[in-house]
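Count along the sequence shown starting at 1, add 551, and that's the number in our numbering.
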Amino acid sequence: MTTDTLSADALDLIFRDARSFNGWHDKEVTDDQIKAIYELAKMGPTSANQQPARFVWCKSQDAKERLAKHASEGNRDKILTAPVCVIIGYDLDFHEHLPWLFPHADARSWFEGDRDARRESAFRNSALQGAYLMIAARALGLDCGPMSGFDQDGTTREFFADQPNYRADWLCSIGYGDRSTIFDRSPRPEFDRFNRLT
552 MTTDTLSADA
562 LDLIFRDARS
572 FNGWHDKEVT
582 DDQIKAIYEL
592 AKMGPTSANQ
602 QPARFVWCKS
612 QDAKERLAKH
622 ASEGNRDKIL
632 TAPVCVIIGY
642 DLDFHEHLPW
652 LFPHADARSW
662 FEGDRDARRE
672 SAFRNSALQG
682 AYLMIAARAL
692 GLDCGPMSGF
702 DQDGTTREFF
712 ADQPNYRADW
722 LCSIGYGDRS
732 TIFDRSPRPE
742 FDRFNRLT
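Here is the structure:
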């Protein structure tokens, strides 16, 4: 059986030529594009299909201003000038959804009463989902600007006040990147530096 692979151009788009952008062209990212990103990202695997990520897509100027006030000074313009900036958060009570997300076993019982285990699993798997989101956005012709320089607690209070078990983790601006705002790519290590084959 032959397995299909992506073309070299597609791999360039998603990985080799993709960059983390600091500035953006003034071009809208539509609601349909946002939903298309999610429809791809949700297909990425998570442990027991936990799907713990909770996304807030800050698209209006008001939402971006509310988010930017919690960001470090160097990140504020990256939020305000982007067509959309998404908060990647996670739900500490993701296990309540496991009866329908993972009906093959009583997965809810694995986490019931163990908040530390839920936090660890939600943190790990939502980070995976955020990475899938970036890959999906790039695959659909958009650029990404991930960032972590912001007040997580303040952002959690600002955007998840009505969901006390949600936590903000990191941010990603999405749009059409302005290449004049980036510097040369930082080094990427060769295989032997950080890998072992055993």
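C-beta atoms are modelled at their ideal positions from N, C-alpha and C, and glycine is treated no differently.
CA-to-CA distance, residue j to residue i, given in whole angstroms
i	j	result
Lys-629	Leu-591	24 Å
Arg-675	Phe-653	18 Å
Trp-721	Ser-623	13 Å
Leu-564	Ala-688	10 Å
Pro-603	Ala-559	32 Å
Gln-612	Pro-738	35 Å
Leu-618	Thr-749	45 Å
Asp-583	Tyr-727	16 Å
Candidates the options: closest to residue i by CA position
i	options	result
Thr-632	Pro-650, Trp-575, Gly-664, Glu-663	Trp-575
Phe-606	Leu-679, Ser-558, His-655	Leu-679
Gly-705	Asp-563, Ala-719, His-646, Asp-713	Ala-719
Asp-735	Arg-570, Gly-664, Tyr-641	Arg-570
Ile-585	Asp-702, Ser-598, Arg-627, Met-685	Met-685
Asp-694	Thr-554, Asp-555, Leu-557, Asp-577	Asp-577
Residues bridged to residue i [DSSP beta-bridge criterion]
i	result
Phe-701	Ala-622
Gln-724	What sits at residue 724 in the sequence shown is Ser, not Gln. DSSP output for Ser-724 lists Cys-636, Gly-696 as bridge partner(s).
Which of helix, strand or coil DSSP assigns to residue i
i	result
Ala-658	coil
Tyr-683	helix
Leu-652	helix
Ala-673	helix
Ser-558	coil
Ala-668	helix
Test item: CB-CB of residue i and residue j under 8 Å
i	j	result
Phe-572	Gly-692	no
Cys-609	Val-635	yes
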